[in-house]
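Numbering (our numbering), first residue to last: 97 to 191.
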């Protein structure tokens, strides 16, 4: 049980460090806010509104060169959202 929590925390911290480092370089390019992604995750049948999910949506909307990969990594591996919902939510983040 502690190993899973530790892995999730490490994943979130690692993704955050990558995002913050890239956000400094690409801050003017960031225009989306990830609200569509967060709303999609909060609606049924997903009904998931977590800190992990909100972080992933923010990463997906950041406009960084690796935004898509970070969004999918955090949603799929850290927040444990299924593949279809992850794809749809990350696409919503870019809009």
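Note that beta-carbon positions come from the ideal geometry of N, C-alpha and C, so glycine has one too. Keep in mind it's a predicted model, so treat the numbers as computed, not measured.
Tell me where the alpha helix (DSSP H) around residue i begins and ends.
i: residue 149; result: 147-157
How big is the Cα-Cα spacing for residue i and residue j?
i: residue 132; j: residue 189; result: 6 Å
i: residue 136; j: residue 171; result: 13 Å
i: residue 141; j: residue 177; result: 12 Å
i: residue 184; j: residue 173; result: 15 Å
i: residue 104; j: residue 175; result: 8 Å
Put residue i into one of helix, strand or coil per three-state DSSP.
i: residue 170; result: helix
i: residue 135; result: helix
i: residue 189; result: helix
i: residue 181; result: helix
Let me know if residue i comes out buried or exposed under the rule of 16 or more other beta-carbons within 10 Å of its beta-carbon.
i: residue 145; result: exposed
i: residue 179; result: exposed
i: residue 100; result: exposed
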